[in-house]
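J.: Take this structure first; my questions come after.
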Amino acid sequence: MAMVCLTDFEKYAKEHLSKTAWDYFSAGADECYTRDDNLLAYKRIHLRPRVLRDVSESDTRTTVQGTEFSFPVGISTTAYHCLAWHEGETATARAAEALNTCYITSTTSTCSVEEIVAAAPNGYRWFQMVVYQDRRLTEQVVQRVEALGYKALVLTVDMPYLGKRHNNIRNQFKLPPHLQFKNFNGLQKQATVDPKAYITSDPSITWKEVHWLQSITSLPIIIKGILTKEDAVLAVEHSVQGIIVSNHGGRQLDGTLATIDALIEIVDAVKGRIEVYLDGGIRTGSDVLKALALGAKCVFIGRPVVWGLVYKGEEGVREVLQILKDEFRLAMTLSGCRNVAEINRNLIQFSKL
Ligand SMILES: Cc1cc2nc3c(=O)[nH]c(=O)nc-3n(C[C@H](O)[C@H](O)[C@H](O)COP(=O)(O)O)c2cc1C
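So the mapping is simple: my numbering equals the position in the sequence shown, first residue as 1, plus 30.
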């Protein structure tokens, strides 16, 4: 079967995963309005291509936090990769390394951070985390990933509680017994800890804990889950190094703006003081182009990586990334841009509908 676009991988994954696993990966919260609008929102935004601009040479490279990547698409944090492919996150890490892009490892990975680093020693990675009620445990995790060479901490701030995902509740979804939250083996006695405690944040945290995190690490901090200009400005004022405009792929609060729609006011408020990234609903190269034109420095993909894993492990994720890279180059050059520096808001026309 020739895989031509990301939707082909989605179809394959749906056909080959168990219903419970498919429901887990595809879930959105409540009525899934936000999950679906993340994709639909791109269809409401049109491109204004320029022509006759010599696009015989093109360059998709960009920089993120000062590091060069081959194209402006990274891998967002999704959990439980061993549920999609037996090698789990080690396969994902190798694919990200091969395509020279950033991989945000999930705290709740089913391979340990040590295994992930060993599988792709030259890969560039950030570590996604939450602040636990147990601050000592949080600190241990931070020290561990810092020692392993992770380049930034991605603090998820939209998960003080788990969103209501209907099918997961109906299926009574939980991690199958042969899989584990490998990062926590040995850190705490498993028997005493409710697995949910590893996923959601301490709901009492505020910007004070962001300061605390800054005091225990020298790594840059990227805040994931910003959807308003007010919070974006607070992030700048609290000296974090970047933000990810994200609604968690529509898995948390249903009814928020699609991320591409939220991006604009945030970029305007941040005024270039820190890098702004985006995830949610990116499925084509022109989606990437639109996000960059509206001011995202780089975008990240969640579910498509899982679909790639289901298809062929590392090779499948490579294919997903390569397709997006090729599509992005095509959309960029068909719009008259030779490189990412030439992409700007003049490319965008909002639909009048
Ligand atoms: C199966 C799954 C698990 C996820 N787990 C986490 C997580 O543990 N922490 C987090 O911050 N985001 C998590 N996310 C959200 C993603 O990081 C990302 O925001 C979202 O998937 C982007 O949307 P997309 O799937 O449309 O690309 C998860 C998403 C999925 C689909």
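Even for Gly, the Cβ is constructed at its ideal location relative to N, Cα and C. On a predicted model such as this, the values are computed, not experimentally measured, just so you know.
Between L351 and A125, how many whole angstroms is the CB-CB distance? I'm expecting something under 8 Å.
T.: About 6 Å; that satisfies the 8 Å criterion.
J.: Give a single yes or no on whether Q158 has its beta carbon closer than 7 Å to a heavy atom of ligand 1.
T.: Yes.
J.: How would you call A149, buried or exposed, if buried means at least 16 neighbouring beta carbons within 10 angstroms?
T.: That one is buried.
J.: Which of helix, strand or coil does DSSP assign to R333?
T.: If DSSP states are grouped into helix, strand and coil, R333 belongs with the helices.
J.: Ordered along the chain, which non-local residues of its own chain (more than five positions away) have a Cβ less than 7 Å from that of A57?
T.: Closer than 7 Å at the Cβ level, and outside the excluded window around A57, lie R195, N197, N198 and R281.
J.: Anyone know if the C-beta pair for A177 and T138 falls short of 8 Å?
T.: No, they are not a contact pair.
J.: Below 8 Å CB to CB, which residues in the same chain sit around N68 once its five sequence neighbours on both sides are set aside?
T.: Excluding residues within five positions, the ones whose Cβ falls inside 8 Å are N277, G279, G280, A288, T289, I290, G310 and G311.
J.: When you compare only the Cα positions, how much space is there between E260 and F358?
T.: Rounded to whole angstroms, E260 to F358 spans 31 Å at the Cα level.
J.: For a minimum of 4 consecutive residues, which ranges assigned as the alpha helix (DSSP H) are wholly contained in the region 167–247?
T.: Taking only runs of at least 4 residues, the alpha helix (DSSP H) segments lying wholly in the region 167–247 are 196–200 and 237–246.
J.: Mind checking M31: buried by the 16 CB within 10 Å criterion, or exposed?
T.: That one is exposed.
J.: Could you please give me the residues that DSSP links to W156 through a beta bridge?
T.: Paired residues: I134 and A182.
J.: Starting from Y110 and walking both ways along the beta strand (DSSP E), at which residues does that stretch end?
T.: Y110 -> no beta strand (DSSP E), and no H or E assigned at all.
J.: Around ligand 1, what residues have a beta-carbon under 5 Å from a heavy atom of it, in chain order?
T.: Qualifying residues come out as F55, S106, T107, T108, A109, S136, T186, S276, H278, G279, D309, G310, G311, I331, G332 and R333.
J.: State whether the region 338–356 contacts the region 112–128, with contact taken as three or more CB pairs (one from each stretch) at a distance under 8 Å.
T.: Yes: the two stretches touch, three or more of their Cβ pairs being nearer than 8 Å.
J.: Just to confirm before moving on: does the CB-CB distance between A299 and R375 stay below 8 Å?
T.: Taking 8 Å as the Cβ cut-off, A299 and R375 do not qualify as a contacting pair.
J.: Pick from V275, V85 and V240: whose alpha carbon is nearest that of L257?
T.: Nearest of V275, V85 and V240 to L257, Cα basis: V275.
J.: With a threshold of 8 Å, are at least 3 pairs of Cβ atoms found where one atom belongs to the region 179–193 and the other to the region 153–160?
T.: Yes, since at least three Cβ pairs between the region 179–193 and the region 153–160 fall closer than 8 Å, the two stretches touch.
J.: Report back the beta-carbon spacing between L319 and A262 to the nearest angstrom; my notes put them in contact at under 8 Å.
T.: Not quite, the Cβ-Cβ distance comes to about 22 Å (not below 8 Å), so this is no contact.
J.: In the DSSP output, which residue or residues are listed as bridge partners for C328?
T.: Paired residue(s): Y307.
J.: Taking only the alpha-carbon atoms, compute the straight-line gap between E61 and D284 and give it to the nearest angstrom.
T.: Cα to Cα, the separation comes out at about 7 Å.
J.: Among the candidates N369, S381 and G332, whose CA atom is the shortest distance from the CA of R83?
T.: Checking every option, the nearest Cα to that of R83 belongs to N369.
J.: Would you mind sorting N152 into buried or exposed? The rule is 16 or more other CB atoms within 10 Å of its CB.
T.: Exposed, because fewer than 16 other Cβ atoms sit within 10 Å of the Cβ of N152.
J.: On the DSSP bridge assignment, give the partners of G255 in chain order.
T.: G255 is not bridged to any residue.
J.: Rounded to the nearest angstrom, what separates Y72 and D317 at their Cα positions?
T.: Rounded to the nearest angstrom, the two C-alpha atoms are 6 Å apart.
J.: Using DSSP with H/G/I as helix, E/B as strand and the rest coil, what is T50?
T.: In the structure shown, T50 sits in a helix (DSSP, three-state: H, G or I).
J.: Nearest-angstrom Cα distance between A121 and I331?
T.: About 16 Å.
J.: Suppose the cutoff is 6 Å on Cβ atoms and the five residues either side in sequence are ignored; what does the same chain contact list for E169 look like?
T.: Hits under 6 Å: I246.
J.: Give the straight-line distance between the Cα atoms of G104 and N130, rounded to the nearest whole angstrom.
T.: So the alpha carbons of these two residues sit roughly 9 Å apart.
J.: Considering only DSSP beta bridges, list what E117 is partnered with.
T.: According to DSSP, which records beta bridges pairwise, E117 is partnered with nothing at all.
J.: Taking the beta strand (DSSP E) that E145 falls in, what are its first and last residues?
T.: First-last for E145: V143 to A149, but that is the alpha helix (DSSP H), not the beta strand (DSSP E).
J.: Hey, could you find the ends of the beta strand (DSSP E) T92 is sitting in?
T.: Taken as a continuous stretch (DSSP letters only), the beta strand (DSSP E) holding T92 covers T92 to V94.
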